[in-house]
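Counted the way the numbering used here counts, the sequence shown spans residues 1 to 326.
Virtual Cβ for every residue (Gly too), placed ideally from N, Cα, C.
Here the structure is a predicted model, which means the values were calculated and not measured.
Reviewing the structure listed below.
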Amino acid sequence: MKAAMSDASALAGLPPSRSRFDIVDLARGLALLAMFVFHFAYDLSSLRLIDFDVQSEPGWRWFARLIAGSFLTLVGVSLVLATRNSLNRHAYLKRLVMVAAAAGAVTLATFFFMPQSFIFFGILHQIALASVLALPFLRLPTLAVAVAALIVFAMPALVAHPVLDQPALLWLGLSRVPVVTADYVPVFPWFGCVLLGIVLARLALPRLESSRLATWRPRGLPARIMVWGGRHSLLVYLVHQPVFIATLSLVAFLVPAPVKEGNAFQIMCERSCTAQAAADFCARACACTVETLKREQLLSRAVGNALTPSETQRLSEIARSCSPAR
């Protein structure tokens, strides 16, 4: 095995030779750039440096889903490239362990720093598991893989049972209960993106090899940076958020937060409420709660999580009175 294998594509155990195309690394690098944009906006929102909640905005939510889908589709593409001449098992297992360990580290870190929304099955967990689940599909005809992808995409709408609502099974993605976590990429429907990547790679690879894209090389600095990032996407993924959070936390400490207390509480309230109710209902209920807290001079303490037990009880009473039966 050559040490030059990258962290990202080597997740699929890419052997040497023409198993790597710079254009695929560029695509992964562009997906990373999109992820930077989303996470930067998300961190600005979480630290109250901007006056809206990224997590509850439909446009931003779809943007996040598109980014996750692109990464998982590229996992499927990489698996096809990896098995063109036979799978390099040693490299595959080594990188699989690295990704699984990184996923475990993310779970552990978020459990301690954000226990109410820790990441128990995010994008890295999905990539690690999908890289194993997809192996049998590499032996199936393309049409069979396409049908399997459609079934996986449809499963959340077709399958429902109280047993699947158990916390131990939330990673499947078949629960009907709201899931509170900072990153949630369950098996269904997201594994379908990996299968879709297998289908697309099989269809596109013959044309790619006969086109100029097969020999494309990055020439300008931006393109070289994108390709480098695509080749080392695991490292970039693990490093970028701590850098963003540390930098923006310093900014938030030095610069007064532009988001008013009432707006900040309303953002948090609506984020929690919209997991179970319509957005317009949540907006009205949370606005009522904010106004009542202001009148009773409890808003600052609520925003700062400094309520006493009796004040917390009063907050619950206010929330109930502002949330009549729908």
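Taking only three categories from DSSP, how would you classify F253? helix
**Prompt:** When the distance is taken between beta carbons, is L299 closer than 9 Å to E311?
**Reply:** no
Thinking just about the alpha-carbon of each residue, which of V290, L135, M114 and C273 is nearest to the one in G76? L135
- Determine which residues share a DSSP beta bridge with Y184 and list them. F121
Straight-line gap, W171 to R139 (C-alpha atoms, nearest Å): 26 Å
| message | Just to check my reading of the structure: L26 and P242 have Cβ atoms closer than 8 Å, yes? What is that Cβ distance to the nearest angstrom? | response | About 25 Å separates the two Cβ atoms, so there is no contact after all.
Original post:
Between P156 and P178, is the Cβ-Cβ spacing less than 9 Å?
Top reply: no
In three-state terms, what does DSSP make of A319?
-> helix
Cβ-based neighbour list, I67, same chain, cut-off 8 Å, excluding 5 preceding and 5 following: A31, A34, M35 and F38
Is it buried or exposed for G104, if we count other Cβ within 10 angstroms and need 16 for buried?
exposed
Legend entry - Residue span of the alpha helix (DSSP H) that contains I89, given as start and end: A small fix is needed here, since residue 89 is Arg in this sequence, not Ile. Run containing R89: R89 to F113, per the alpha helix (DSSP H) assignment.
Considering only residues of the same chain and omitting the five flanking positions on each side of A10, which have a CB-CB separation below 7 Å? Any reading at A10 is ruled out, since the residue's pLDDT is 40, under 50, leaving its predicted position unreliable.
Exercise. Under the rule that 16 or more other beta-carbon atoms within 10 Å means buried, what is Q126, buried or exposed?
Worked result: buried
Name the two residues that bound the continuous alpha helix (DSSP H) containing S45.
-> D22 to S46
Open item on the list: Is it the case that the stretch 43 to 61 contacts the stretch 242 to 254, given that we only count it when at least three CB pairs across the two stretches are under 8 Å?
Closed with: yes
Quick check: what's the CA-CA separation for M5 versus S70? A caution first: M5 carries a pLDDT of 36, below 50, which makes its placement in the model unreliable, though a value can still be read off. Going from the Cα of M5 to the Cα of S70 covers about 21 Å.
If you drop the 5 nearest sequence neighbours on each side, which residues of the same chain put their C-beta closer than 6 Å to that of Y42? V54
Check: On the three-state DSSP scale, how would you describe I50?
Finding: coil
Less than 8 Å between the CB atoms is what I'm expecting for L200 and T73, so what's the real figure, rounded? 7 Å
Can you give me the start and stop residues for the alpha helix (DSSP H) that L143 sits inside? T142 to L158
- Look at the Cβ atom of R328, then the Cβ atom of R28, and state whether they are nearer than 9 Å. Absent from the model: residue 328. The displayed extent of the chain is 1 to 326, so no value can be given.
Are the Cβ atoms of A102 and Y184 separated by less than 9 Å?
no
I think F191 touches A130, with their Cβ atoms under 8 Å apart; what is that distance to the nearest whole Å? 5 Å
Assigned secondary structure, V194 (DSSP; H/G/I helix, E/B strand, else coil): helix
Take S117 and list the residues in its own chain whose beta-carbon comes closer than 8 Å to its own, dropping the five residues that flank it on each side.
T110, V180, T181 and A182
message = Assuming contact is defined by CB atoms lying nearer than 9 Å, are L158 and R176 in contact in what I supplied?
response = no
inquiry  = Alpha carbons only, please: which of L150, A319 and L208 is nearest the one belonging to V24?
reply    = L208
Should L195 and A148 be called a contact, given that it needs their Cβ atoms to be closer than 9 Å?
yes
Alpha carbon to alpha carbon, how far is F265 from K294?
11 Å
Practice problem: Identify whether Q126 lies in helix, strand or coil by the three-state DSSP scheme. | Solution: helix
Terminal residues of the continuous alpha helix (DSSP H) containing S300?
L299 to V303
Margin query: On the CB-based measure, 16 or more other CB atoms within 10 Å of its CB, does P167 come out buried or exposed?
Written below: exposed
| query | Taking just the CA atoms, how far does Q313 sit from A319? | reply | 10 Å
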